[in-house]
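> In my numbering, the protein residues as written are 1401 to 1530. Note that the Cβ used here is the ideal one computed from N, Cα and C, for glycine as well.
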Amino acid sequence: MYLNTSGEDETHSPCIEFNTLLCDPGRESSIACALRGFLDDLQTSEPWDELAAPGFVDGPALTAMQNSFRALAVSDRAKPSYYIDLNELRDNNRDYPDTLTSKERTHFRQSVRKLSDRNRSRGGAQERWS
1401 MYLNTSGEDE THSPCIEFNT LLCDPGRESS IACALRGFLD DLQTSEPWDE LAAPGFVDGP
1461 ALTAMQNSFR ALAVSDRAKP SYYIDLNELR DNNRDYPDTL TSKERTHFRQ SVRKLSDRNR
1521 SRGGAQERWS
């Protein structure tokens, strides 16, 4: 059973980040309990042996899920999620390259130039960071 994903083979599936319960803030516990009840009822007609929630984020929803499913064996594999917080960049009026180290900026600009050259050869516009 998969929460908010279709369960494809990981090598053929888009990466999900920031998975959580889709509910209003403060309703996490009641939704997690309702999900547990639904899955318990489903067990008789469509047996399941695992609930996978890849990309589930820390917070109230995770706590609610852990509490609702605590009687079951849990396997939790936390992995860091590296991402760019675009809202923070906008709020601080910063460009992405400004957040990189000097070496990373060099690689970034080289990649942008290479892609820009390819784009121009196809009749596209000049990129912003070339």
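Residues in its own chain within less than 8 Å of F1456 by CB, not counting five upstream and five downstream?
For the purposes of this step, residue 1456 is taken as the residue at position 56 of the sequence shown. These residues qualify, in order along the chain: L1403, N1419, T1420, L1462, M1465.
> Going by the beta-carbon positions, is the gap between G1407 and A1473 smaller than 9 Å?
Position 7 of the sequence shown holds residue 1407. Position 73 of the sequence shown holds residue 1473. For G1407 and A1473, no; Cβs fall outside 9 Å.
> According to DSSP, what are the bridge partners of A1452?
Counted from its first residue, the sequence shown places residue 1452 at position 52. Answer is Y1402, bridged to A1452.
> When the distance is taken between beta carbons, is L1486 closer than 9 Å to D1495?
Numbered from 1 along the sequence shown, position 95 holds the residue referred to as residue 1495. Numbered from 1 along the sequence shown, position 86 holds the residue referred to as residue 1486. In this structure, L1486 does not lie closer than 9 Å to D1495 by Cβ.
> Leaving aside the five residues before and after E1450 along the sequence, list all residues of the same chain whose C-beta is less than 8 Å from its C-beta, in chain order.
As a first step, residue 1450 must be located in the sequence shown, where it is residue number 50. Once the five neighbours on either side are set aside, the close Cβ partners of E1450 are M1401.
> So if DSSP puts N1519 in a beta bridge, which residue, or which two residues, is it bridged to?
As a first step, residue 1519 is located in the sequence shown; it is residue number 119 there, counting from the start. Beta-bridge pairing links N1519 to no other residue.
> Determine the contact status of L1435 and S1475, defining contact as a CB-CB distance below 9 Å.
Sequence index remark: in the sequence shown, residue 1435 carries index 35 (1-based). Sequence index remark: in the sequence shown, residue 1475 carries index 75 (1-based). No.
> Going by C-alpha to C-alpha distance, which of R1522, G1426, A1432 sits closest to R1470?
Within the sequence shown, the letter at position 70 stands for residue 1470. Nearest to R1470 by C-alpha distance, out of R1522, G1426, A1432, is A1432.
> Grouping DSSP H, G and I as helix and E and B as strand, with all else coil, what is N1492?
Position 92 of the sequence shown, counted from the start, is the residue given in the question as residue 1492. Residue state, collapsed to three classes: coil.
> Which residues bound the alpha helix (DSSP H) around I1416?
For the purposes of this step, residue 1416 is taken as the residue at position 16 of the sequence shown. If you look at I1416, you'll find it isn't in any alpha helix (DSSP H); DSSP assigns it neither H nor E.
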